[in-house]
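In UniProt numbering, the protein residues as written are 1 to 336.
This report concerns only the one structure given below.
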Amino acid sequence: MPKTKHASQGGRTPVGSRYKNSYTARKVLCGRVVDFSYTTSDKFNFEQWFQALGWRDYFQINAPYNVEIVREFYSNLTNVGYSCNDKLELKTRVNTIVIKFDDQILGNILGVPNVGSKFFETKKWSEDHELVLEDCLRVFYPNENVFGGMAKPTNLLSAEHRLLHHITATQILPTSGGHEKMSYQDLYIMWHIVNGKPLNLPHLIMENMVRASSKVEDAFPYGMVITKIISHFGIVIRNEVPSRIDVGDIYNASSPKRMRWKRVHNTNEGCVWLPNEGGRRRRRVEGEGAEEERAAQLPRQALTPQMQPRYSSSSNSYYGGFYGRNEKIAYQAGQP
Numbered sequence: 001m002p003k004t005k006h007a008s009q010g011g012r013t014p015v016g017s018r019y020k021n022s023y024t025a026r027k028v029l030c031g032r033v034v035d036f037s038y039t040t041s042d043k044f045n046f047e048q049w050f051q052a053l054g055w056r057d058y059f060q061i062n063a064p065y066n067v068e069i070v071r072e073f074y075s076n077l078t079n080v081g082y083s084c085n086d087k088l089e090l091k092t093r094v095n096t097i098v099i100k101f102d103d104q105i106l107g108n109i110l111g112v113p114n115v116g117s118k119f120f121e122t123k124k125w126s127e128d129h130e131l132v133l134e135d136c137l138r139v140f141y142p143n144e145n146v147f148g149g150m151a152k153p154t155n156l157l158s159a160e161h162r163l164l165h166h167i168t169a170t171q172i173l174p175t176s177g178g179h180e181k182m183s184y185q186d187l188y189i190m191w192h193i194v195n196g197k198p199l200n201l202p203h204l205i206m207e208n209m210v211r212a213s214s215k216v217e218d219a220f221p222y223g224m225v226i227t228k229i230i231s232h233f234g235i236v237i238r239n240e241v242p243s244r245i246d247v248g249d250i251y252n253a254s255s256p257k258r259m260r261w262k263r264v265h266n267t268n269e270g271c272v273w274l275p276n277e278g279g280r281r282r283r284r285v286e287g288e289g290a291e292e293e294r295a296a297q298l299p300r301q302a303l304t305p306q307m308q309p310r311y312s313s314s315s316n317s318y319y320g321g322f323y324g325r326n327e328k329i330a331y332q333a334g335q336p
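See the structure below:
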């Protein structure tokens, strides 16, 4: 018999309610989109890295999402997999419909392979003897005196690696809080990405879902991914006001500037990104953590057709076209 482990806390769900009362104040992280036309023109390797792993389409997901549905998804989330063979299978209920999925099903939904390492640990390094911690650190801190217990500050990373960490912490394994330091999990994922080593992304997403639902106050990640999941199972949400990403949720030419980097011309290398004066010592990076700090409970206004990014959104039918009524976006000064 499979071992059932409840992944959520906060007491029972009140009769007639979608989710536990304790979930009401918890924010929802929608996810991010990568504009590969920008990263390629700026000679960043993101598209090449993600294409090699079969992840490119994952970073193009741009779907409406509903905060109430996301909370309901996590409130009913349980792990019904077999612990003896590291088999992770999640079950939840949305709109009275029970759904179950494993990493293979989730991989099919997201269009990414379910192969590679399943390492998931934020507080300690992998026990793989072929993966030496100090060697991995030198990839990202080539000019530093690296050692196993170092703090791994992100303001010492190159512009490309700084952006990669931000993408990792907002779209691969989103968590609440700032991005001033790398965790062991961040380092592990980033090393695999830049070296083209396979990672089981669907499994990592599922592990992070379980982790988020087991916390008391953390935000709920993967708003747009959850839309894809419930759409796959034929669940149609009606009479709901959806939210969409705004321009600050797209990684584009403005992203390095918000992280206090500037583009300068180098005679030998052409245009390169360098930190602004004092940027390496800046403790808090402008724009980082902004997604977590926004009040995601309120519906976001949709992009106008002229502003809409060129990314597929096959999940539009999920809302039966309802979101088409709101086609405005408010640009806010300083928005990341």
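No residue lacks a Cβ here, since even glycine has one placed at the ideal position from N, Cα and C.
Residue state for proline 153 is assigned as strand, using DSSP reduced to three classes. Pairing glutamate 240 with glutamate 121 gives a Cβ-Cβ distance that is not under 9 Å. The segment 23-39 and the segment 178-185 do not touch, with fewer than 3 CB-CB distances between them shorter than 8 Å. Lysine 228: not part of any beta strand (DSSP E); member of the alpha helix (DSSP H) spanning 223-232, first to last residue.
Contact annotation, valine 80 with asparagine 200: C-beta distance approximately 19 Å; criterion of less than 8 Å not satisfied.
Aspartate 86 has its alpha-carbon roughly 34 Å from the corresponding atom of glutamate 160.
DSSP lists Thr78, Lys100 as the beta-bridge partner residues of lysine 91. If you compare the alpha carbons of Lys43, Ile105, Gly111, Val98 with that of glycine 54, the shortest gap goes to Gly111. Scanning its chain for C-beta atoms nearer than 6 Å, with the 5 sequence neighbours on each side dropped, one finds around isoleucine 61 the residues Met224, in chain order. As the crow flies, the alpha-carbon of valine 216 is around 21 Å from that of isoleucine 172.
When only Cα atoms are considered, phenylalanine 147 and proline 174 end up about 26 Å apart.
Valine 28 is bridged by DSSP to Phe220. In the structure shown, serine 158 adopts coil according to DSSP, grouped into three states.
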